[in-house]
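Residue numbers (the numbering used here): 55 to 392.
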């Protein structure tokens with residue numbers, strides 16, 4: 055059986071290929087993709103090649119061309135492997151397959167969809183895991199002032215989880231007024247556009263001089279990180295949630311050490327693979343919680359979806375994203391007919 059697969063052959067060259075798909079083995083199922091969500095951060099960075107490639111880097115270890123992008127998929131079970139229990143043919147599941155029409159996945163990485171959750175919204179589960187992991191690592195207490203810099207999808211998801219965690223005030227920062235308007239719908243109590251406002255002064259005003267307890271960097275722009283310590287109170291936390299595409303220069307003595315700041319790397323790869331008493335929040339458990347929160351309408355992602363494309367348009371979509379990704383937020387690929 056052959057699958058249609060989106061592949062980056064090299065930077066800025068995306069194609070659709072046919073790949074053979076094996077039969078599922080013990081503990082595995084074959085899934086027919088319904089929709090996948092394009093990450094306008096990770097997927098686009100892999101497509102553009104705009105990361106350090108002249109030296110060893112985490113990006114270089116992750117992206118090796120030809121590269122199969124994607125990690126947010128919703129599909130239906132087509133075939134169950136030997137000995138599989140708890141999953142049935144036709145059942146809709148979230149999984150972390152790439153942008154492909156068919157995928158064999160171990161059942162331990164599947165999360166069943168509640169009937170009331172639309173498949174397009176469920177496709178945000180991997181993105182939600184990134185944000186959820188960062189908010190957990192921030193250890194936000196009720197009433198702590200939180201600043202989130204970067205109102206892309208991950209930033210807006212982090213906004214919602216920070217609100218559920220008790221953050222107040224909850225301050226959204228972005229250069230786009232349109233994104234700031236959206237942030238208010240997702241729980242921001244205040245917004246700041248540093249393109250025309252003095253960010254440190256606004257944070258002091260909003261927090262009555264106390265500054266933020268926690269600041270999240272979610273832009274992925276390495277020049278932003280050094281600007282954030284002045285926003286944070288003595289003993290506060292700086293959460294690096296965006297995956298910076300290059301090095302940052304920061305005066306650790308004057309900006310971090312002197313004020314006792316905690317700098318926390320919150321990459322999603324730090325999510326545990328297995329539940330433990332110390333940390334039970336695996337990718338799958340986070341995804342299940344996300345789907346439950348969607349079903350309860352405690353959070354929302356429908357407004358994040360701005361574009362829908364057929365899988366056939368996949369290569370062209372990345373050309374459009376590279377030209378101007380500010381016009382895109384949630385981008386869905388529909389695998390009907392693949």
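The beta carbon of each residue, even a glycine, is placed where N, CA and C say it ideally should be.
Query raised in the report: Roughly how many angstroms lie between the CA atoms of residue 108 and residue 101, to the nearest whole one?
Result: Translated into positions along the chain shown, residue 108 becomes position 54. Translated into positions along the chain shown, residue 101 becomes position 47. So the alpha carbons of these two residues sit roughly 17 angstroms apart.
Query raised in the report: Who are the Cβ neighbours of residue 183 in its own chain at under 7 angstroms, not counting the five residues just before and after it?
Result: Taking the first residue of the chain shown as position 1, residue 183 is located at position 129. 322, 325, 337, 340, 341, listed in sequence order.
Report task. Reducing DSSP to helix, strand and coil, say where residue 254 ends up. Result -> Here residue 254 corresponds to residue number 200 of the chain shown, with the count starting at 1. DSSP places residue 254 in helix when its eight states are reduced to three.
**Report entry** Within 8 angstroms, strictly: CB atoms of residue 302 and residue 274
**Finding:** Counting from one through the chain shown, the residue named residue 302 turns up at place 248. Counting from one through the chain shown, the residue named residue 274 turns up at place 220. Cβ atoms of residue 302 and residue 274: not closer than 8 angstroms.
Query raised in the report: From residue 57 to residue 179, what distance separates their C-alpha atoms?
Result: Here residue 57 refers to the residue found at position 3 when the chain shown is read from its first residue. Here residue 179 refers to the residue found at position 125 when the chain shown is read from its first residue. Rounded to the nearest whole angstrom, the CA to CA distance from residue 57 to residue 179 is 23 angstroms.
**Report entry** CA-to-CA distance, residue 214 to residue 358, given in whole angstroms
**Finding:** Reading the chain shown from its first residue, position 304 is the one you call residue 358. Reading the chain shown from its first residue, position 160 is the one you call residue 214. The straight-line gap from Cα to Cα measures roughly 12 angstroms.
**Report entry** Status (buried if at least 16 other CB within 10 Å, exposed otherwise) for residue 328
**Finding:** Working through the chain shown from its first residue, we reach residue 328 at position 274. It is exposed - the Cβ of residue 328 has fewer than 16 other Cβ atoms within 10 Å.
Report task. Verify whether the separation of the beta carbon atoms of residue 168 and residue 345 is less than 8 angstroms. Result -> By 1-based counting over the chain shown, the position of residue 168 is 114. By 1-based counting over the chain shown, the position of residue 345 is 291. Yes; because the gap between Cβ atoms is below 8 angstroms, this pair is in contact.
Query raised in the report: What are the boundary residues of the beta strand (DSSP E) that includes residue 357?
Result: Counted from its first residue, the chain shown places residue 357 at position 303. Looking at the DSSP string, residue 357 is not in any beta strand (DSSP E), and its letter there is neither H nor E.
Query raised in the report: What is the rounded straight-line gap between the Cα of residue 158 and the Cα of residue 113?
Result: Here residue 158 corresponds to residue number 104 of the chain shown, with the count starting at 1. Here residue 113 corresponds to residue number 59 of the chain shown, with the count starting at 1. Distance from the CA atom of residue 158 to the CA atom of residue 113, rounded to whole angstroms, is 25 angstroms.
Query raised in the report: Can you name the residues that DSSP bridges to residue 128?
Result: In the chain shown, residue 128 corresponds to position 74, counting from 1. Residue 128 pairs with 89, 148.
Report task. With a floor of 4 residues, list each alpha helix (DSSP H) that falls wholly inside the stretch 262–344, ordered by position along the chain. Result -> Entirely contained in the stretch 262–344, not one alpha helix (DSSP H) run reaches 4 residues.
Requested in this report: Look at the Cβ atom of residue 280, then the Cβ atom of residue 318, and state whether they are nearer than 8 angstroms.
Outcome: Position 226 of the chain shown, counting from 1, holds the residue named residue 280. Position 264 of the chain shown, counting from 1, holds the residue named residue 318. Judged by their CB atoms, residue 280 and residue 318 are not nearer to each other than the 8 angstroms cut-off.
Report task. Report the residue from 380, 261, 67 whose alpha carbon sits nearest the alpha carbon of residue 287. Result -> Numbered from 1 along the chain shown, position 233 holds the residue referred to as residue 287. When only C-alpha atoms are compared, the closest one is 261.
Requested in this report: Leaving aside the five residues before and after residue 277 along the sequence, list all residues of the same chain whose C-beta is less than 8 angstroms from its C-beta, in chain order.
Outcome: Counting from one through the chain shown, the residue named residue 277 turns up at place 223. Take residue 277, set aside five residues on each side of it, and the residues of its chain with a beta-carbon closer than 8 angstroms to its own are 302, in chain order.
Query - Which of helix, strand or coil DSSP assigns to residue 121 - result: The residue given as residue 121 occupies position 67 in the chain shown. Three-state result, residue 121: strand.
Query raised in the report: Taking all protein chains shown into account, do 16 or more other C-beta atoms lie within 10 angstroms of the C-beta of residue 236, making it buried, or fewer, making it exposed?
Result: Position 182 of the chain shown, counting from 1, holds the residue named residue 236. Residue 236 comes out buried.
Report task. Count the CB pairs spanning the stretch 231–245 and the stretch 200–209 that are closer than 8 angstroms, and state whether there are at least three. Result -> They touch, by the three-pair rule.
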